[in-house]
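Engineer: Mind having a look at this structure? Questions to follow.
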Amino acid sequence: MLSTLPSEEILEKIFFISQRLTSYDGVDDIWEYIAKTALTITRADAVVIRDFNLASGHLTIVKSYGLSKSYINEPPIRLEEGVIGCVVSESKPYIHSDISQAAEWNTNGLASKEGVHSIVCVPLKGKESSTGAITVMRKKVEPFTEQEVFLLNMFGLQASEAIKIVKLVNSLQQQAMYDYLTRIYNKNALNSVLEKTLSLSKRYSSAMSVIFIDIDNFKMFNDTHGHLLGDKLLCDFAQTLKKNCRKSDSVGRFGGEEFVILAPHTNKKKAVAFANKIRKSVENSTFIGRGNSENHITFSAGISCFPEDGDTVFELLQQADRAMYQSKITGKNRVTSWIDELDILEVDGRGIIA
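Numbering (UniProt numbering), first residue to last: 1 to 354.
Here's what the structure looks like:
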């Protein structure tokens, strides 16, 4: 039992736990480790980890053990709301040996529905403020010892710093993958996804299509409405592409006004129909210009498909790019598919095969 350990052994325990915290690089993994470790070091029956969501301004449950789904699915709480909210906002722990006798828990289902008696809640306290809380509970009237509370509090301090680092690393990884303006895949990330998807397509002998898209007359829009609204158009255009894609598809900005859609398990015929569906959606959409004017834009697209048009990322992108260029020189606002074996281009725009 931790309560009988000498202080030297407790410090060794804290050191060991801290070392383990640094071995996780995923947010979900570290939440799970924190929850399980909190249960172990306090001999608790249940645990709840809450994290402050900056976007919503609420404390949300990110990991729990030992409590019912109905309790876990209750709405998030605000800072300064209830005991947990005050623990986070004031960065002070809360300890009670039997919450069934505590007025502040009368409206909470922990005692009446979950059978909880003893409870300790410590903040996930960083250098500047607390960003969440660890709450451990026992379903019997057995107070947590001073050493258990001390160990949990120290663990909370270490866990808070570890979470901050993992979130920062994940944020930097996200920034490295996504285009700074449109928040879709950037060129490097898109190439990486293409490599992985092509490898799977080869393994399972499955079709895969690449759709290369270039916005028509984008320079004219930029010159007329200015670069800021040009940037907004790129953002809105990217979101329009995403809304029209399936979950299995990948969308990225290749550079400037060029975009690429990767469509796995999609042959050329289906890819052409898919690209034309998106083309019509964009054509019917409005994009804000100078003076809050509503503008319509179009795009030209080229399609290549594995396996008939190439078996490398470079070949597939090159053929799709060449097909897109053919769309440009044959009138724009159309979709062109490359057929390498016959050395011809099939142009499909506005529902017409040319």
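All C-beta atoms, glycine included, are put in the ideal place defined by N, C-alpha and C.
#1: Measure the alpha-carbon distance for Val335 versus Asn170 and round it to whole angstroms.
#2: Please report how far the alpha carbon of Ser248 lies from the alpha carbon of Phe218, in whole angstroms.
#3: Entirely within the UniProt domain "GGDEF" (206-340) and at least 4 residues each: give me those alpha helix (DSSP H) ranges in chain order.
#4: Please classify Ile184: does DSSP put it in a helix, a strand, or coil?
#5: Which same chain residues, not among the five before or five after Asn188, have their C-beta less than 7 Å away from its C-beta?
#6: Please state the DSSP three-state secondary structure of Phe15.
#7: Could you give the C-beta distance for Asp25 and Val166, rounded to a whole number, given that I count them as a contact under 8 Å?
#8: Cα separation between Phe314 and Ile339?
#9: Check this for me: beta carbons of Gly310 and Ala323, under 7 Å apart or not?
#10: Are Ala111 and Arg50 close, meaning C-beta to C-beta below 7 Å?
#11: Using a threshold of 7 Å, state whether the C-beta atoms of Ser91 and Lys125 are closer than that.
#12: Runs of 4 residues minimum, wholly inside the segment 60-110: which ones carry the alpha helix (DSSP H) assignment?
#13: Using a Cβ-Cβ cutoff of less than 7 Å, which residues in the same chain neighbour Ser285 once the five nearest sequence positions on both sides are dropped?
#14: Quick one: what does DSSP say Arg138 is sitting in, helix, strand or coil?
#15: Three-state secondary structure (DSSP) at Ser130?
#16: Mind checking Met137: buried by the 16 CB within 10 Å criterion, or exposed?
#17: For Gln175, count neighbouring C-beta atoms within 10 Å of its own C-beta (all shown protein chains included) and say buried if the count is 16 or more, exposed if not.
#18: If we ignore side chains and look at the alpha-carbon of each, how far apart do Thr4 and Glu146 end up?
#19: Could you say if the segment 149-160 and the segment 27-40 meet the contact criterion of at least three C-beta pairs nearer than 8 Å?
Structural biologist: Taking the structure as given:
#1: Sequence index remark: in the sequence shown, residue 335 carries index 335 (1-based). Sequence index remark: in the sequence shown, residue 170 carries index 170 (1-based). Rounded to whole angstroms, Val335 to Asn170 spans 37 Å at the Cα level.
#2: The residue you call residue 248 lines up with position 248 of the sequence shown. The residue you call residue 218 lines up with position 218 of the sequence shown. Approximately 28 Å, taken between the alpha carbons.
#3: 218-225, 227-244, 268-283, 313-329
#4: In the sequence shown, the residue the question calls residue 184 occupies position 184. Looking at Ile184 - three-state DSSP - the assignment turns out to be coil, as it is neither helix nor strand.
#5: On the sequence shown, position 188 is the one that residue 188 refers to. Hits under 7 Å: none found.
#6: As a working note, residue 15 is residue 15 in the sequence shown. The answer is helix: DSSP assigns Phe15 an H, G or I state.
#7: One-based indexing of the sequence shown puts residue 25 at position 25. One-based indexing of the sequence shown puts residue 166 at position 166. Confirmed, about 6 Å.
#8: Here the question's residue 314 lines up with position 314 in the sequence shown. Here the question's residue 339 lines up with position 339 in the sequence shown. Taking the straight line from one Cα to the other gives about 16 Å.
#9: Along the sequence shown, read from residue 1 onward, the residue named residue 310 stands at position 310. Along the sequence shown, read from residue 1 onward, the residue named residue 323 stands at position 323. Contact flag unset, no.
#10: Here residue 111 corresponds to residue number 111 of the sequence shown, with the count starting at 1. Here residue 50 corresponds to residue number 50 of the sequence shown, with the count starting at 1. Their beta carbons are not under 7 Å apart, which means Ala111 does not touch Arg50 by this criterion.
#11: Here residue 91 refers to the residue found at position 91 when the sequence shown is read from its first residue. Here residue 125 refers to the residue found at position 125 when the sequence shown is read from its first residue. Yes, the pair counts as a contact, with Cβ atoms nearer than the cut-off.
#12: 69-72, 82-90
#13: As a working mapping, residue 285 is identified with position 285 in the sequence shown. Closer than 7 Å at the Cβ level, and outside the excluded window around Ser285, lie Thr240.
#14: Here residue 138 refers to the residue found at position 138 when the sequence shown is read from its first residue. Reduced to three states, the DSSP call for Arg138 is strand.
#15: To locate residue 130, count along the sequence shown from 1; it is residue 130. Three-state result, Ser130: strand.
#16: Counting from one through the sequence shown, the residue named residue 137 turns up at place 137. Met137 should be labelled buried.
#17: The sequence position of residue 175 within the sequence shown is 175, counting from 1. Exposed, by the Cβ-count rule.
#18: Translated into the one-based positions of the sequence shown, residue 4 becomes position 4. Translated into the one-based positions of the sequence shown, residue 146 becomes position 146. In this predicted model, Thr4 has a pLDDT of only 49, less than 50, meaning its place in the structure is not dependable; the value taken from the coordinates is given anyway. Approximately 11 Å between the Cα atoms of the pair.
#19: yes
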